[in-house]
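S.K.: Have a look at this one.
Residue numbers (my numbering): 1249 to 1814.
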């Protein structure tokens, strides 16, 4: 289905035009002292968080400086960064809101406003809203919750299961959860027949067991129905559609995913017509661009609470009658959406994306105690000092970040390689200049269940093919062909990219070691997070050993990448 620029501009009309107040105006006026200000509205409150990546404690997390849209997406949320983002939402540079949402002045503002997130601080917010709106509040989690930390990796995600149960997540959908393997997922979340150790409900309409062939049988419940404020709310789950492609298939054997918007339409119709719900919410891990297209194709969805691409939206994007919301990542934000639901329709809404500035929101004692308890056995390992950074270290952005450069340098050093590859994951915290880099910090960029490194010879043509494939995933004009993430990070390589070029023609002026790439020449390459089973040392060990040896980290911040037209 082709979306014209005119159509896209219509869909990107900010939802404040139909709400009681413009969420952009409220966001622009936000100060640390007014974080919790919210005038309740209607009879239903939905709280949403997503993509926390096992970040139990407050952290620094720098938003991207480059986030490129394609075609009609250009110049519209979520494809805005820096000053363009601040101008769009009317946010003053240097404010707390600007610190939360933009990369500008990050070091200075990080020192001024401190770390963000942390489950103990989120718990304070959740308890406050639940006390204010008893019987009207639901807390939903969009997934990518169990993976991303040393303690989650070492405990097989048990620390996070305890945390989300303590927080009181009501409904959840998945993505990186599957990298612990389908059997562990079922232990925690159950399946369509039984429950697991998770106390809430787990929904995913698009995960099918194809052991006996397609179309297969649903593995999990597609939806749940909750009574809130006298209204019946249907919550339909959407797992990340490309799980078997983005991660080793051995974690999800015999399972099929996909977007399945026709199947989603069937469930929405069932909720509307047979179950007589008053509103339908899609709890999604598609990513914003896919959510926007799905909102066009599936009729009858009132709200999409989305995740995966780590975009924080200060105001919903309205697609027809559907509100599309994304709530950032790493616990930085908690979305609050109040709805007036009556007689089978949403009559109005009020929304706020709440920055979780942990210096201004007290920690919940019960959650703080749980976090201390699950971390205590590992404290000595977690706090091992590896090095000190003289450079702002971060990952997020379409192209190489400075912590990516640390990983790439470590791989090239370990294998004496000419080229190194590191995945364009969007998770991974930031570190300010002068901050100690601990073993825990290294794990926040490398903690996954297929961490082994590899080294082999590759031709120049093979290297270019890998880069072209990832570029098409990132910049395909059809959002349904994007799998999320950012451009593969490369070490020893510089190149020019034209995001608007045709498939296979985006990467130009590719140089290795400063010399033009030769298609038939063989280069020694290294990498990690392979889809195949490899037996090199785990990447977190490689990075930790590298940092122990260098002691101080100073990264050349000159970009390896030139973007045509940027």
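Glycine included, each C-beta is placed from N, C-alpha and C at the ideal position. Here the structure is a predicted model, which means the values were calculated and not measured.
Within 10 angstroms of its Cβ, does residue 1395 collect 16 or more other Cβ (buried), or is it exposed?
M.R.: Residue 1395 comes out buried.
S.K.: How many Å lie between residue 1702 and residue 1785 at the Cα?
M.R.: Roughly 8 Å separates the two Cα atoms.
S.K.: Return yes when the C-beta of residue 1594 is under 7 Å from any heavy atom of the ligand FMN, and no when it is not.
M.R.: By its list of ligands, the structure shown contains no ligand whatsoever, and the ligand FMN lies outside what it can speak to.
S.K.: Would you identify the three-state DSSP class for residue 1523, choosing helix, strand or coil?
M.R.: Residue 1523 falls in the coil class under three-state DSSP.
S.K.: Taking 8 Å as the cut-off, decide whether the C-beta atoms of residue 1384 and residue 1293 are in contact.
M.R.: Yes; because the gap between Cβ atoms is below 8 Å, this pair is in contact.
S.K.: Across the segment 1640 to 1660 and the segment 1615 to 1628, are there enough close Cβ pairs to call them in contact, namely three or more that are closer than 8 Å?
M.R.: The answer is no - the segment 1615 to 1628 does not touch the segment 1640 to 1660, with fewer than three Cβ pairs under 8 Å.
S.K.: Hey, residue 1344 and residue 1280: beta-carbon distance below 8 Å or not?
M.R.: Yes, they are a contact pair.
S.K.: Could you pull out every unbroken beta strand (DSSP E) segment of at least 3 residues lying fully inside the segment 1277 to 1337, listed in chain order?
M.R.: Counting only runs of 3 or more, we get 1292 to 1297.
S.K.: Using the three-state DSSP reduction, which class does residue 1674 fall into: helix, strand or coil?
M.R.: In this structure, residue 1674 counts as coil in the three-state DSSP scheme.
S.K.: Quick check: the Cα distance between residue 1723 and residue 1478, rounded to an integer number of angstroms?
M.R.: Between residue 1723 and residue 1478, the C-alpha separation is close to 44 Å.
S.K.: From this set, 1642, 1713, 1616 and 1530, which residue's C-alpha is nearest residue 1453's C-alpha?
M.R.: Among 1642, 1713, 1616 and 1530, the Cα nearest to that of residue 1453 belongs to 1530.
S.K.: So, at 8 Å on beta carbons, what are the nonlocal neighbours of residue 1404 in its own chain, with the 5 sequence-adjacent residues on each side left out?
M.R.: Correct list, in chain order: 1428 and 1432.
S.K.: Over what stretch of residues does the beta strand (DSSP E) that includes residue 1603 continue unbroken?
M.R.: Where residue 1603 is concerned, the enclosing beta strand (DSSP E) stretches over 1593 to 1603.
S.K.: Taking Cβ to Cβ, would you say residue 1203 is nearer than 8 Å to residue 1582?
M.R.: This structure cannot speak to residue 1203, because the chain is shown only from 1249 to 1814.
S.K.: Can you list, in chain order, the residues of its chain with a C-beta nearer than 7 Å to that of residue 1704? Leave out the 5 residues immediately preceding and following it.
M.R.: Here the set comprises 1773.
S.K.: Pull up the distance between the alpha-carbon of residue 1565 and that of residue 1719, whole angstroms please.
M.R.: Each residue's alpha carbon lies about 26 Å from the other.
S.K.: What are the boundary residues of the beta strand (DSSP E) that residue 1483 is part of?
M.R.: Segment 1479 to 1486, the beta strand (DSSP E) holding residue 1483.
S.K.: By the three-class DSSP mapping on this structure, what secondary structure does residue 1669 have?
M.R.: Looking at residue 1669 - three-state DSSP - the assignment turns out to be strand.
S.K.: Just verifying my parser: in three-state terms, what is the DSSP assignment at residue 1543?
M.R.: Helix at residue 1543.
S.K.: If you reduce the DSSP assignment to three classes, tell me which class residue 1791 lands in.
M.R.: It is helical.
S.K.: Does residue 1781 come out as helix, strand or coil in the three-state DSSP assignment?
M.R.: Three-state result, residue 1781: coil.
S.K.: Residue range of the alpha helix (DSSP H) that residue 1574 falls in?
M.R.: First-last for residue 1574: 1570 to 1574, but that is the beta strand (DSSP E), not the alpha helix (DSSP H).
S.K.: Between which residues of its own chain and residue 1249 is the CB-CB distance below 6 Å, once the five residues before and five after are set aside?
M.R.: The pLDDT assigned to residue 1249 is 37, lower than 50, so where the model puts this residue is not dependable; a value taken from the coordinates is nonetheless given after this. Here the set comprises nothing.
S.K.: Could you name each continuous beta strand (DSSP E) segment of 3 residues or more that falls completely within the segment 1339 to 1379, going from the start of the chain to the end?
M.R.: List check, beta strand (DSSP E) in window: nothing returned.
S.K.: Unbroken beta strand (DSSP E) runs of length 3 or more, entirely within the segment 1439 to 1506: which are they?
M.R.: Listed in chain order, the complete beta strand (DSSP E) runs (minimum 3 residues) inside the segment 1439 to 1506 are 1471 to 1476 and 1479 to 1486.
S.K.: Candidates 1590, 1459, 1635 and 1562: which alpha carbon is nearest residue 1339's?
M.R.: Here the closest residue by C-alpha is 1562.
S.K.: Do you know whose CA, among 1402, 1351 and 1761, lies nearest residue 1664's CA?
M.R.: Answer by Cα proximity: 1761.
S.K.: Verify whether the separation of the beta carbon atoms of residue 1637 and residue 1687 is less than 8 Å.
M.R.: Taking 8 Å as the Cβ cut-off, residue 1637 and residue 1687 do not qualify as a contacting pair.
S.K.: Below 8 Å, can you find three or more Cβ-Cβ pairs linking the segment 1366 to 1376 to the segment 1613 to 1626?
M.R.: A contact exists between the segment 1366 to 1376 and the segment 1613 to 1626.
S.K.: In terms of alpha-carbon separation, which member of 1501, 1503, 1378 and 1528 lies closest to residue 1514?
M.R.: Considering only alpha carbons, the answer is 1528.
S.K.: Alpha carbon to alpha carbon, how far is residue 1509 from residue 1538? Give it in angstroms, no decimals.
M.R.: About 11 Å.
S.K.: On the CB-based measure, 16 or more other CB atoms within 10 Å of its CB, does residue 1353 come out buried or exposed?
M.R.: Exposed, because fewer than 16 other Cβ atoms sit within 10 Å of the Cβ of residue 1353.
S.K.: Taking the alpha-carbon of residue 1793 as reference, which of 1671, 1758 and 1633 has the nearest alpha-carbon?
M.R.: Ranking the options by Cα distance to residue 1793, first place goes to 1633.
S.K.: Assign residue 1581 to one of three DSSP states: helix, strand, or coil.
M.R.: Strand, per DSSP.
S.K.: So residue 1517 is in the beta strand (DSSP E); what residue range does that whole segment cover?
M.R.: Counting along the chain, residue 1517 falls outside any beta strand (DSSP E), though it belongs to the alpha helix (DSSP H) covering 1509 to 1517.
S.K.: Within the continuous beta strand (DSSP E) that includes residue 1684, where are the two ends?
M.R.: That run of the beta strand (DSSP E) goes 1684 to 1686.
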